[in-house]
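Residue numbers (the numbering used here): -3 to 249.
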């Protein structure tokens, strides 16, 4: 329950599997297996992040589940990971549900703020962290109390239209998030770079890392040109001042 709250706040542990596995190993008394599981899930987690409101597999939760099963049941490394991974995938749908519900919480708190009811505003905001924590608590509790088979039963019981709707919502959220980011970024000024990045990704199939490196190179060139322009303006201003001082004015004469 602490992982999503901490990841959305001070973000010291940030839910990384490699870090989470240390605490899971200490609690369950099986550090070796926990680190193997955490390291493997960490490799899966590299380059995966919920930017722009997107929902991604919760490999931190998968690490906890797998470590618990390996320590409690004596399951092999592969078996424990085979059970933990679907739980991490299940968290995607739960994450979408939480984000949708948080939308109503945000609007309600805003309404209280406009009405000057700041106590109610702060009180209802606690529902956000609580729902984020429940997103972790529910699947973990199912595993602990009912066993790994319960997760598969839950996944099979959920109607297809529900999972389809959640997948659609999960696909819309990143678009909305990116649109919000572009609204506050100088997108119009650097619109040509957005088009270039889109062409590289959509048509030339360049990887995200490759596009990021090209973006860094472009940003560095823009930064260097900005420094040169600033220095040139400063030198021009200083030269203008020197000329005025040398020429003086009629009053001096």
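Where is the CB? At the ideal position from N, CA and C, for every residue including glycine.
Check your understanding: Under a three-way DSSP split, which group does residue 65 fall into?
Key -> Counted from its first residue, the chain shown places residue 65 at position 69. In the structure shown, residue 65 sits in a helix (DSSP, three-state: H, G or I).
Practice item. Check each candidate in 207, 196, 85 and 222 and name the one with the smallest Cα separation from residue 136. Key: As a first step, residue 136 is located in the chain shown; it is residue number 140 there, counting from the start. Selected option, being the one with the closest Cα: 85.
Practice item. Can you grab the Cα-Cα spacing for the pair residue 81 / residue 114, in whole Å? Key: Here residue 81 corresponds to residue number 85 of the chain shown, with the count starting at 1. Here residue 114 corresponds to residue number 118 of the chain shown, with the count starting at 1. When rounded, the distance between both Cα atoms is 42 Å.
Check your understanding: Of all the options 131, 132 and 104, which has the alpha carbon lying nearest to the alpha carbon of residue 119?
Key -> Translated into the one-based positions of the chain shown, residue 119 becomes position 123. The residue with the shortest Cα to Cα distance from residue 119 is 104.
Check your understanding: Which residues bound the alpha helix (DSSP H) around residue 6?
Key -> Counted from its first residue, the chain shown places residue 6 at position 10. Note, residue 6: premise wrong, no alpha helix (DSSP H); not H, not E.
Point to revise | Among 23, 93 and 87, the one whose alpha carbon lies nearest that of residue 65 | key: Along the chain shown, read from residue 1 onward, the residue named residue 65 stands at position 69. Of the candidates 23, 93 and 87, the one whose C-alpha sits nearest the C-alpha of residue 65 is 23.
Practice item. Would you mind sorting residue 181 into buried or exposed? The rule is 16 or more other CB atoms within 10 Å of its CB. Key: As a working note, residue 181 is residue 185 in the chain shown. Exposed.
**Study point:** Minimum C-alpha distance to residue 4 - residue among 62, 191, 75 and 126
**Key:** What you label residue 4 is simply residue 8 of the chain shown in a count that begins at 1. Comparing Cα-Cα distances from residue 4 to each of 62, 191, 75 and 126, the minimum goes to 126.
Check your understanding: From 179, 220, 2 and 211, pick the residue whose C-alpha is nearest to that of residue 191; which is it?
Key -> Here residue 191 refers to the residue found at position 195 of the chain shown. Residue 211 is the option with its Cα nearest to residue 191.
Check your understanding: Does DSSP put residue -2 in a helix, in a strand, or in coil?
Key -> On the chain shown, residue -2 is found 2 positions in, with the first residue counted as 1. Of the three classes helix, strand and coil, the one that applies to residue -2 here is helix, per DSSP.
Practice item. Taking the CB atoms as reference points, tell me whether residue 14 and residue 30 lie closer together than 7 Å. Key: Walking along the chain shown from the start, residue 14 turns up at place 18. Walking along the chain shown from the start, residue 30 turns up at place 34. The answer is no: Cβ separation not under 7 Å.
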